[in-house]
Amino acid sequence: MTSTLPHLIVVDVETSGLDPNVHDVLEVAAIDLTAGDELYFVPAPIRATWLQDAHPGAMKVNRYFERGIYAHQVDLETTRKRWEDLGTMLDGNILAGVNPAFDARFIDAAMEYHKVECRRRYQLRDLATYAAGVLDIDPAEPTSSAELFASLGVTNAEAHSALGDARATAEASRLLHSQAKAR
Numbered sequence: 211m212t213s214t215l216p217h218l219i220v221v222d223v224e225t226s227g228l229d230p231n232v233h234d235v236l237e238v239a240a241i242d243l244t245a246g247d248e249l250y251f252v253p254a255p256i257r258a259t260w261l262q263d264a265h266p267g268a269m270k271v272n273r274y275f276e277r278g279i280y281a282h283q284v285d286l287e288t289t290r291k292r293w294e295d296l297g298t299m300l301d302g303n304i305l306a307g308v309n310p311a312f313d314a315r316f317i318d319a320a321m322e323y324h325k326v327e328c329r330r331r332y333q334l335r336d337l338a339t340y341a342a343g344v345l346d347i348d349p350a351e352p353t354s355s356a357e358l359f360a361s362l363g364v365t366n367a368e369a370h371s372a373l374g375d376a377r378a379t380a381e382a383s384r385l386l387h388s389q390a391k392a393r
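Numbering (our numbering), first residue to last: 211 to 393.
Here you go:
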């Protein structure tokens, strides 16, 4: 009997704030580290008042308006389909990322709203914790993703964008995995 290991799916969401009960997902990117598949979309907001409720600091960090993200927003039907695509991508797999607990809260809330079954494993893989083990650094030592990327020679072409952050995290994960296997 052969068993298939779950895939790590690097996911990053950009949001209008920190609370999934108040704020919306503005941008989603996911990369399957095994298959190499990528998913990217700009969902229709859940709340009509999302912009009024948006946290100014979050909007400044993710540069939503400066990057023109709104121009790529899909309609409600396509939004639901993309959440279904993400659910399929996560099916039986593990969500990974720079801050997967944060991303998972927003993903779970959006999927619940759109009545999409979230079929992911509830285990999460955090890049900094993995890096601490591979690079033999104290996991209690705070490390930003930018510092971690720099130490690995990974360039984040567009920091604080869902796709830029997901691609940089995926590359860092691959490099760390190679280093761990070489030990």
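Don't be surprised by glycine CBs; every beta carbon is placed ideally from N, CA and C. For clarity, every value in this text was computed on a predicted model and none was experimentally measured.
Local Cβ density within 10 Å of residue i, reported as buried at 16 or more and exposed below that
| i | result |
| --- | --- |
| D348 | exposed |
| G307 | buried |
| R329 | exposed |
| D346 | exposed |
| G227 | buried |
| S383 | buried |
| S355 | buried |
Contacts around residue i, its chain only, beta-carbon distance under 8 Å, and the 5 residues preceding and following it disregarded
| i | result |
| --- | --- |
| T225 | H233, D234, V235, L236, A268, N272 and F316 |
| P216 | G302, N303, I304 and R331 |
| M299 | I219, A240, D242, D247 and L249 |
Nearest residue (CA-CA) to residue i, options the options
| i | options | result |
| --- | --- | --- |
| T220 | E248, N231 and A281 | First, the residue type needs correcting, since residue 220 is Val and not Thr in the sequence shown. Among E248, N231 and A281, the Cα nearest to that of V220 is on E248. |
| D295 | V238, P230 and A380 | V238 |
| W260 | R277, E276 and P230 | P230 |
| L358 | Q262, S371 and E381 | E381 |
| H370 | E327, K270, G343 and T214 | K270 |
Own chain residues within Cβ distance below 7 Å of residue i, not counting five before or after
| i | result |
| --- | --- |
| D336 | P310 |
| A245 | H217 |
| E322 | none |
Other residues of its chain near residue i: CB distance less than 6 Å, five sequence neighbours each side excluded
| i | result |
| --- | --- |
| H324 | R290 and W293 |
| D318 | C328 |
| L373 | A239 and Y250 |
For this session: Any chance you could list the alpha helix (DSSP H) runs of at least 4 consecutive residues sitting entirely within the region 321-380, in chain order?
Result: Complete alpha helix (DSSP H) runs here, min 4: 337-345 and 355-362.
Exercise. Is it true that the region 275-290 meets the region 251-261, where meeting means three or more beta-carbon pairs spaced less than 8 Å apart?
Worked result: By the criterion of at least three beta-carbon pairs nearer than 8 Å, the region 275-290 is in contact with the region 251-261.
Exercise. Where are the beta strand (DSSP E) runs, 3 residues long or more, that stay fully inside the region 219-283, in chain order?
Worked result: DSSP runs (the beta strand (DSSP E)) wholly in the region 219-283: 235-242 and 248-251.
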